[in-house]
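Participant: Dumping the structure here so I can ask a few things about it.
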Amino acid sequence: MAMLNRVHLNGLRAVETVARLGSLAAAAGELNVSVSAVSQQISRTEKQLGQALFERTASGLVLTEFGTVFAARLGAGFRELSQAVALADEATQCTLVVSVAPAFASKWLLPRLSRHFDRHPNVLLRIDASVRLANLDHSDIDIAIRLGDGKWPGGRTELLLAQEVFPVCAPPIAQKLKSIEDLAQTCAITDERAMINWESWFETAGVPPVTFLKGARFTDPMLCLESAIAGHGVMLGWQLLAADALADGRLVAPFGIRAQSGLGYWLVTSSVKAESRKVRDFKLWIREEIEATMARFGSANAEPTVAIAVERTEAPSYVESDIKLRQAGS
0 MAMLNRVHLN
10 GLRAVETVAR
20 LGSLAAAAGE
30 LNVSVSAVSQ
40 QISRTEKQLG
50 QALFERTASG
60 LVLTEFGTVF
70 AARLGAGFRE
80 LSQAVALADE
90 ATQCTLVVSV
100 APAFASKWLL
110 PRLSRHFDRH
120 PNVLLRIDAS
130 VRLANLDHSD
140 IDIAIRLGDG
150 KWPGGRTELL
160 LAQEVFPVCA
170 PPIAQKLKSI
180 EDLAQTCAIT
190 DERAMINWES
200 WFETAGVPPV
210 TFLKGARFTD
220 PMLCLESAIA
230 GHGVMLGWQL
240 LAADALADGR
250 LVAPFGIRAQ
260 SGLGYWLVTS
270 SVKAESRKVR
280 DFKLWIREEI
290 EATMARFGSA
300 NAEPTVAIAV
310 ERTEAPSYVE
320 SDIKLRQAGS
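With the first letter of the sequence shown counted as 1, position 50 gets the number 49 in numbering that gives the first Met the number 0; the numbers rise by one all the way through.
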């Protein structure tokens, strides 16, 4: 291998291309350089090797005896190199890069990925767990799942799920909540970076806001959720964050009232790149999973856990929220 250091790869490539195509002009076209550049690379390579590879004749370059053997070996070598590079291209084509926020990835997406693996065994998933809004036109990210109003510059957006918010807490705390006013005797678990607030929920419930006891404050919704499961107080949750904990009984939604947040989960793809089959398949799969989650979520919350002692308007349905948010995001 050390002998290769004395020979430039570009020169070897020029020799292999001329030998394969039979002329300087054809080689120059494939290599996208001038004819004189190819000729100079061949001459330089012959000097580095100390062997003549071509005879210069009136009709063009003709391989010498040594050049014939040498070019055959070069051809085999470059074919191997080409196949090695193709492996990288194949891996890229079969890898789906999905950008999601860590909370979404951890609390909802990750437990369901095995079903995507089963359905599409040839697609490798790479999860880019980040809250940053990457430029999908100039990155290796194939699709992003973002929480917001869908109004991001660039990219194509499709509403995945309208976000509805509602209080959640551990069952022992829920048992003490006989009315919404009883929330004043509980601690609020707060996500300091959240884009949602309690006011919209109290407005939907048709009651004045209450003042909570001071509770834990976090800068991550996953920690808020774990704090609620641990029984530290009540948090304002939403479907995909709390769905699994509600389904298995670790959390309870005590009032059965859900409020529109004006936000939603959106599928975001590049505005300039053609949509690949792997992206279309992922979209279909995740929509099916969302539908299954919402069916399970609706079943788990069909009846309020605690009857509340106030008049209220019914929370808007998922379909109504979906339509209103689509209109707001359009």
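Ideal Cβ positions, reconstructed from N, Cα and C, are used throughout, including at glycine. These numbers were taken from a predicted model, which means no experiment stands behind them.
For Q268, name the three-state secondary structure that DSSP assigns.
Facilitator: Reading off the sequence, residue 268 comes out as Thr, not Gln. Here T268 sits in strand by DSSP.
Participant: Going by the CB atoms, is the gap between G214 and T189 shorter than 9 angstroms?
Facilitator: yes
Participant: Just to confirm my understanding: we take M234, look at its own chain, exclude 5 residues before and 5 after, and list those with CB closer than 8 angstroms. What are they?
Facilitator: P166, V167, C168, A187, I188, T189, D190, C223, L224, S226 and A227
Participant: Grab me the residues of L182's own chain with a C-beta within less than 8 angstroms of its C-beta, minus the 5 sequence neighbours each way, in chain order.
Facilitator: P166, L176, V209, F211 and V233
Participant: Can you name, in chain order, every residue of its own chain whose Cβ lies under 7 angstroms from the Cβ of R216, other than the five neighbours on each side?
Facilitator: T189 and E191
Participant: Tell me the rounded alpha-carbon separation between W265 and W284.
Facilitator: One C-alpha to the other measures close to 15 angstroms.
Participant: Buried or exposed: T218, going by 16 or more other Cβ atoms within 10 Å of its Cβ?
Facilitator: Exposed, by the Cβ-count rule.
Participant: Which two residues bound the contiguous alpha helix (DSSP H) that contains T44?
Facilitator: In the DSSP assignment, T44 falls within the unbroken alpha helix (DSSP H) covering V34 to L48.
Participant: What are the start and end residues of the beta strand (DSSP E) that includes F254?
Facilitator: From DSSP, F254 is part of no beta strand (DSSP E); its letter is neither H nor E.
Participant: What distance in whole Å lies between the Cβ atoms of L8 and A102, which are believed to be in contact at a cut-off of 8 angstroms?
Facilitator: Going by Cβ atoms, the distance from A102 to L8 rounds to 48 angstroms, so no, they are not a contact pair.
Participant: Pairs of beta-carbons, one from the segment 120-137 and one from the segment 241-257, closer than 8 angstroms: are there three or more?
Facilitator: no
Participant: Does the segment 257-277 come into contact with the segment 143-161, if we say contact requires no fewer than three beta-carbon pairs (one atom in each stretch) closer than 8 angstroms?
Facilitator: Contact holds: three or more Cβ-Cβ distances are below 8 angstroms.
Participant: Give the secondary structure of N274 by DSSP, where H, G and I count as helix, E and B as strand, and everything else as coil.
Facilitator: The question names Asn, yet the displayed sequence has Glu at residue 274. Here E274 sits in coil by DSSP.
Participant: Is V14 close to chain B? Criterion is C-beta to C-beta, closer than 9 angstroms.
Facilitator: Structure shown: chain B not included; a single protein chain is present.
Participant: According to DSSP, C186 sits in a beta bridge with which residue or residues?
Facilitator: L212
Participant: Can you tell me which of the three DSSP states S243 falls into?
Facilitator: Note that residue 243 is Asp in the sequence shown here, rather than Ser. D243: helix per DSSP, three-state reduction.
Participant: Could you have a look at Q238 and say whether DSSP puts it in helix, strand or coil?
Facilitator: helix
Participant: Taking the alpha helix (DSSP H) that P166 belongs to, which residues open and close that run?
Facilitator: Looking at the DSSP string, P166 is not in any alpha helix (DSSP H); the run it does join, the beta strand (DSSP E), is R155 to V167.
Participant: Could you check where the beta strand (DSSP E) with L123 kicks off and where it finishes?
Facilitator: L123 to A128
Participant: Rounded to whole angstroms, how far is the Cβ of A143 from the Cβ of T203, which I believe are closer than 8 angstroms?
Facilitator: The Cβ separation is near 29 angstroms, so there is no contact.
Participant: Expressed to the nearest angstrom, what Euclidean distance is found between the alpha-carbon atoms of K282 and R276?
Facilitator: 10 angstroms
Participant: What residue range does the alpha helix (DSSP H) around R12 cover?
Facilitator: L8 to L20
Participant: Using the rule of at least 16 other Cβ atoms within 10 Å of the residue's Cβ for burial, across every protein chain shown, is D141 buried or exposed?
Facilitator: buried
Participant: Keeping to the same chain, check which residues put their C-beta closer than 6 angstroms to that of Q162; ignore five residues upstream and five downstream.
Facilitator: W237, S260, L262 and G263
Participant: For A306, which residues of its own chain have a beta-carbon under 7 angstroms away from its beta-carbon, when the five flanking residues on both sides are left out?
Facilitator: Its pLDDT being 32, under 50, A306 is placed unreliably by the model, and nothing is read from it.
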